[in-house]
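> Numbering (this note's numbering), first residue to last: 1462 to 1669.
Now the structure itself:
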């Protein structure tokens, strides 16, 4: 029985990934407005109700697509952080640089930022307005690594939490609305993170 359940789970995951792969290809070539659940279901080889059952609404399908891309992105960010296990500023700046380079080369992100579908902006609101799919996900993942890796270097929980959130928000801002070069953005992020991590916590924070 367990083997049967495992097989069904594997098949479900396979169909889910194939569906997202098809959607990603369509978004990259023609935009989110060209995505049709019925067309994806047909290409994957399942019926439309089954696809809706797996993902929910079309908007939830879009959220799943962005979330999967964010997970790939964050895996690289974590690897970048771990290249500097003994230097918090260097690790966090390396993570930001990876994120900006990844974003500049990512065809899905570029397609989302270019497209404006009617008044809802296609998948853009999932990136910039939905706090959970990208922002909260990134803060949670990066905070866990920073807490594990740099706890001896960062004095006070508030300093750490603020530094991680500022790092994520500032990096995403440069990613979504770049001004100047990646090098300029990285230099700004370095200055801000250095200032935050080297700031002296107040007495109340020290006793937390």
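Every residue, glycine too, gets a C-beta built ideally from N, C-alpha and C. Computed from a predicted model, the values in this text were never measured in an experiment.
Tell me the residue span of the alpha helix (DSSP H) that contains residue 1540.
Bounds of the alpha helix (DSSP H) holding residue 1540 are 1519-1542.
> Might you give, ordered along the chain, the residues of its own chain that have their beta carbon closer than 7 Å to the beta carbon of residue 1664, omitting 5 neighbours on each side?
Reliability fails at residue 1664, whose pLDDT of 46 lies under 50, so the model's placement of it is uncertain and the value that follows must be treated cautiously. Cβ within range, chain order: n/a, list empty.
> Would you say residue 1527 and residue 1625 are within 9 Å of each other, going by their C-beta atoms?
no
> Express the C-alpha separation of residue 1637 and residue 1584 in angstroms, rounding to a whole number.
13 Å
> Taking residue 1403 and residue 1509 to be in contact with their CB atoms under 8 Å, please state how far apart those CB atoms are, rounded to whole angstroms.
Since the first residue of the chain shown is 1462 and the last is 1669, residue 1403 is not available in this structure.
> Ignore the nearest five residues each way along the sequence and tell me which others in residue 1560's own chain have a CB closer than 6 Å to its CB.
Non-local C-beta neighbours of residue 1560 in its own chain, meaning closer than 6 Å and more than five positions away in sequence, comprise 1538 and 1632, ordered along the chain.
> Which of the three DSSP states, helix, strand or coil, is assigned to residue 1548?
Looking at residue 1548 - three-state DSSP - the assignment turns out to be coil, as it is neither helix nor strand.
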